[in-house]
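Q:
Residue numbers (my numbering): 143 to 569.
1) Given 8 Å as the limit, is there contact between the stretch 299-311 and the stretch 252-268, that is, 3 or more CB pairs closer than that?
2) Given a cut-off of 9 Å, decide if residue 447 and residue 456 are closer than it, judged by their beta-carbon atoms.
3) Here's the rule: buried if 16 or more other CB atoms are within 10 angstroms of the residue's CB, otherwise exposed. What is residue 263?
4) Answer with buried or exposed for residue 500, where buried requires no fewer than 16 other C-beta atoms within 10 angstroms of its C-beta.
5) At what residues does the beta strand (DSSP E) containing residue 511 begin and finish?
6) Within this structure, are the beta carbons of residue 550 and residue 427 separated by less than 9 Å?
7) If we require 3 or more residues per run, which beta strand (DSSP E) segments fall completely within the stretch 246-309?
8) Under 7 Å Cβ to Cβ from residue 464, same chain only, skipping five residues before and after it: list those, please.
9) Buried or exposed for residue 527, please, with buried defined as at least 16 other CB atoms from any protein chain shown within 10 angstroms of its CB.
10) In three-state terms, what does DSSP make of residue 437?
11) According to DSSP, what are the bridge partners of residue 503?
12) Going by DSSP in three states, residue 346 sits in which element: helix, strand or coil?
13) Along the chain, where does the alpha helix (DSSP H) containing residue 172 start, and where does it finish?
14) For residue 396, name the three-state secondary structure that DSSP assigns.
15) For residue 473, tell me which candidate among 278, 564, 383 has the shortest Cα-Cα distance.
16) Check whether the stretch 402-412 and the stretch 329-345 touch, using three or more Cβ-Cβ pairs below 8 Å as the test.
17) Look up residue 554 in the DSSP assignment and say whether it is helix, strand or coil.
18) Answer yes if the stretch 361-372 comes into contact with the stretch 290-298, meaning at least three C-beta pairs across the two stretches below 8 Å, and no otherwise.
19) What is the rounded straight-line gap between the Cα of residue 213 and the Cα of residue 444?
20) Using DSSP with H/G/I as helix, E/B as strand and the rest coil, what is residue 186?
21) Threshold first: 4 residues or longer. Then list the alpha helix (DSSP H) segments lying entirely within the stretch 417-488, N to C.
22) Using a Cβ distance threshold of 8 Å, determine whether the stretch 225-234 contacts the stretch 171-188, with at least three qualifying pairs required.
23) Does residue 418 pass the burial test, meaning 16 or more other C-beta atoms within 10 Å, or should it be called exposed?
24) From the DSSP secondary-structure annotation, give me the bridge partner or partners of residue 406.
25) Is it true that the stretch 376-391 meets the stretch 234-245, where meeting means three or more beta-carbon pairs spaced less than 8 Å apart?
26) Less than 8 Å between the CB atoms is what I'm expecting for residue 281 and residue 173, so what's the real figure, rounded?
27) Identify every residue that forms a DSSP beta bridge with residue 535.
28) Under the three-state reduction of DSSP, which class applies to residue 320: helix, strand or coil?
29) Could you tell me the alpha carbon to alpha carbon distance between residue 279 and residue 270, rounded to whole angstroms?
30) Roughly how many whole angstroms lie between the Cα atoms of residue 476 and residue 557?
31) Comparing alpha-carbon positions, which option in 466, 488, 489, 496 lies nearest residue 480?
32) Which word fits residue 380, buried or exposed, when buried means at least 16 other C-beta atoms lie within 10 angstroms of its C-beta?
33) Are the Cβ atoms of residue 201 and residue 166 separated by less than 9 Å?
34) Is the beta carbon of residue 243 sitting closer than 9 Å to the one on residue 206?
35) Between the beta-carbon of residue 502 and the beta-carbon of residue 410, is there less than 9 Å?
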């Protein structure tokens with residue numbers, strides 16, 4: 143077998159642990175074999191039709207900068223950098239081909255890019271970083287992959303509540319947690335992040351440390367996924383027992399957590415095909431008003447306000463990014479997720495809860511909803527501390543009174559796309 147690092151023949155065992163193919167390469171398009179910025183570039187042994195029996199794509203190649211040395215290669219999906227590797231591997235063949243180029247000797251790169259959490263059909267973009275800061279597109283790789291199947295049968299399914307801060311997520315979590323088939327950890331406003339920890343661990347454990355293929359790569363990710371799912375079950379079964387809730391394998395039960403743009407959410411929905419996602423949206427101008435009021439009430443600049451010199455910069459930065467992120471998530475998951483407006487939750491709670499519970503295939507009877515509202519409405523010191531309006535109805539449209547005219551105009555301008563996407567008027 144050819145050693146792709148130095149192009150010498152070395153014996154490597156070819157042991158097949160599985161006959162399944164998890165990845166198929168659909169297209170390899172090289173963009174910049176030669177250009178104004180590159181002397182040359184190539185990817186070794188990755189062609190259309192190649193099938194891979196593990197969850198990573200090995201990509202080995204070389205690249206030579208023309209006016210500036212190539213220092214790194216990045217691998218991206220959807221604009222996100224998945225991996226970055228140095229251009230430093232020994233390539234005797236390239237050195238022989240370009241004897242006058244000093245960098246040719248160490249012009250190689252190698253990576254093993256994991257596909258877990260990526261769309262079933264996805265694109266991988268390669269780009270080269272030169273020492274002078276120039277970015278050169280190298281290639282587009284299109285592939286499809288099978289979802290990761292752990293073989294484990296979870297006793298609880300994930301329910302993810304996707305929202306921005308100060309959108310009523312704490313109140314909605316409080317309501318949902320009163321349902322007998324929904325388990326939530328109530329610590330600090332339901333802010334416990336359990337599944338993100340285990341999905342990050344799964345992502346880490348599933349990444350190959352070495353681009354050279356080994357015979358065990360197909361077995362480890364499913365085992366790691368099963369371990370993470372079993373641990374999540376154990377944690378929330380403990381919470382359920384403390385809350386007097388019964389977990390039965392014959393009855394659908396969810397664990398619910400807030401989510402704030404966690405990068406491993408798609409991995410969660412990959413290993414939990416029955417996972418549900420509710421997107422909770424509030425007029426982003428009211429969100430900005432609530433954040434500023436809450437910070438004033440607490441006497442500190444939370445929600446990343448401390449990173450900006452003014453409210454204007456904060457709205458153009460954090461608020462624009464948060465609203466755009468939620469908009470993009472809704473556009474991506476419109477067919478699978480369920481949309482709830484904060485305003486509907488406050489003004490028509492029974493109708494809104496009924497719709498959400500129908501989406502979850504849970505008991506949505508009048509009795510069940512009335513019980514949820516009654517239990518959740520019990521006043522607590524924390525509830526009073528968390529609120530910034532005299533009552534919930536007054537929190538709707540508060541931006542017209544709370545925000546200065548200049549901030550109102552700014553919000554209408556920079557948040558316009560997200561506001562329109564979710565049905566809010568811009569004026």
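Backbone N, C-alpha and C fix where the C-beta goes; we use that ideal spot for every residue, glycine too.
A: Quick look at the numbers:
1) no
2) yes
3) exposed
4) exposed
5) Residue 511 -> not in any beta strand (DSSP E); alpha helix (DSSP H) instead, spanning 508-518.
6) yes
7) 250-256, 263-272, 277-287, 299-304
8) 306
9) Low local confidence applies: a pLDDT of 49 at residue 527 is under 50, so the model's placement there is unreliable, and no value is given.
10) helix
11) DSSP output for residue 503 lists no bridge partner at all.
12) Per DSSP, reduced to three states, the secondary structure at residue 346 is helical.
13) Careful: residue 172 lies outside any alpha helix (DSSP H), inside the beta strand (DSSP E) at 165-172.
14) strand
15) 564
16) yes
17) helix
18) yes
19) 39 Å
20) In the structure shown, residue 186 sits in a strand (DSSP, three-state: E or B).
21) Complete alpha helix (DSSP H) runs here, min 4: 426-440, 453-456, 462-475.
22) no
23) buried
24) None, per the DSSP bridge assignment.
25) no
26) With 8 Å as the limit, residue 281 and residue 173 qualify as a contact, their Cβ atoms being about 6 Å apart.
27) Paired residue(s): none; residue 535 is not in a bridge.
28) coil
29) 6 Å
30) 20 Å
31) 496
32) Result: exposed.
33) no
34) yes
35) no
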